[in-house]
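**Student:**
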């Protein structure tokens, strides 16, 4: 009986140390990065300030992403300025809670939303003049949040993402076996019993694979069309007819003879 009481007390202490399950279940698993107790100042916080210099956009964005995770919030991309040639020169990185929710129907009660006007942002620039090495600079940063920060949330998000081995199995189950998301989750849970497999993550991964598959098919159709045009240039007797979807700009039918 004494051992049972000790175990019950231990379980009570654990339940008090974790967030309420209902609150935990509300945490979004979306891809743009987030929020509950301010963690201690990261060791490399001095690396992110106005005037910070990076050798490339990749280095800058990676450093800021690591910094955000250490602090306990999630990032999303803001505005981007490009040259006429498409080269990025300026960009803004935002806290995912920036912006304001604007419902389409004003008669409907305001929905719960993550867009709560958080002011945290960083402006980055890669100037053309006096910048021979193409460095990226932090021109301004506003280090203020209007919400609590949570390292627990970031740890959960990191641990909820499928491993590389899981991604390969998801692609196999989707393309070769034809399983649905719930079936994929159950199959993965059996293959990886020591890992938690979350259905929202399965949905996201399968959506990405589906988009990639459609893109590959579109590229194949475009290559075929270009090949037919070259043949027609060499031989005017070729006849080619195409049917485009005016709304999606996708190729619906292709006929040649």
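Numbering (the UniProt record's numbering), first residue to last: 1 to 257. From the three backbone atoms N, C-alpha and C, an ideal C-beta is built for every residue, glycine too.
Quick check on this structure: which residue in 198, 194, 90, 76 has the alpha carbon closest to the alpha carbon of residue 140?
**Tutor:** Comparing Cα-Cα distances from residue 140 to each of 198, 194, 90, 76, the minimum goes to 90.
**Student:** Measuring CA to CA, which of 239, 188, 127, 223 is closest to residue 55?
**Tutor:** Checking every option, the nearest Cα to that of residue 55 belongs to 127.
**Student:** Can you give me the C-alpha to C-alpha distance between residue 74 and residue 142, rounded to a whole angstrom?
**Tutor:** Cα to Cα, residue 74 sits roughly 15 Å from residue 142.
**Student:** Have a look at residue 185 and residue 210 and give me their C-alpha separation to the nearest angstrom.
**Tutor:** Whole-angstrom Cα-Cα distance: 17 Å.
**Student:** Check each candidate in 72, 234, 233 and name the one with the smallest Cα separation from residue 150.
**Tutor:** Per the Cα distances, 72.
**Student:** Keeping to the same chain, check which residues put their C-beta closer than 8 Å to that of residue 161; ignore five residues upstream and five downstream.
**Tutor:** Contacts found: 201.
**Student:** Could you name the residues that DSSP lists as bridge partners for residue 90?
**Tutor:** Looking at the DSSP assignment, residue 90 forms a beta bridge with 81, 125.
**Student:** In whole angstroms, what is the alpha-carbon distance linking residue 58 and residue 123?
**Tutor:** C-alpha separation (whole angstroms): 15 Å.
**Student:** What did DSSP end up calling residue 233 once you bin it into helix, strand or coil?
**Tutor:** In the structure shown, residue 233 sits in a helix (DSSP, three-state: H, G or I).
**Student:** Is it right to say residue 82 is buried, meaning 16 or more other beta carbons lie within 10 angstroms of its own, or is it exposed?
**Tutor:** Looking at its Cβ environment, which holds fewer than 16 other Cβ atoms inside 10 Å, residue 82 is exposed.
**Student:** Quick check on the burial criterion: 16 or more other C-beta atoms within 10 angstroms. Buried or exposed for residue 181?
**Tutor:** Buried: at least 16 other Cβ atoms inside 10 Å.
**Student:** Using the DSSP secondary-structure output, state which residues sit across from residue 243 in a beta bridge.
**Tutor:** Paired residues: 253.
**Student:** From 120, 228, 234, pick the residue whose C-alpha is nearest to that of residue 76; which is it?
**Tutor:** The shortest Cα separation from residue 76 among 120, 228, 234 belongs to 120.
**Student:** Do you know how far the Cα of residue 171 is from the Cα of residue 64?
**Tutor:** Roughly 31 Å separates the two Cα atoms.
**Student:** Does the distance from the CB of residue 240 to the CB of residue 224 come in under 8 Å?
**Tutor:** Going by C-beta atoms, residue 240 is not nearer than 8 Å to residue 224.
**Student:** Should residue 227 be labelled buried (16 or more other beta-carbon atoms within 10 Å of its own) or exposed?
**Tutor:** With fewer than 16 Cβ atoms within 10 Å of its Cβ, residue 227 is classed as exposed.
**Student:** In its own chain, which residues sit with a C-beta less than 6 Å from the C-beta of residue 42, not counting the 5 before and 5 after it?
**Tutor:** Per-residue confidence for residue 42 stands at a pLDDT of 39, beneath the threshold of 50, marking its modelled position as unreliable; the derived number appears in the next sentence. Answer for residue 42: 70, listed in chain order.
**Student:** Just confirm the distance between the C-beta atoms of residue 167 and residue 205, as a whole number of angstroms; I'd bet it's less than 8 Å.
**Tutor:** About 6 Å; that satisfies the 8 Å criterion.
**Student:** For residue 66 versus residue 78, is the C-beta spacing smaller than 8 Å?
**Tutor:** No, Cβ-Cβ distance for residue 66 and residue 78 is not below 8 Å.
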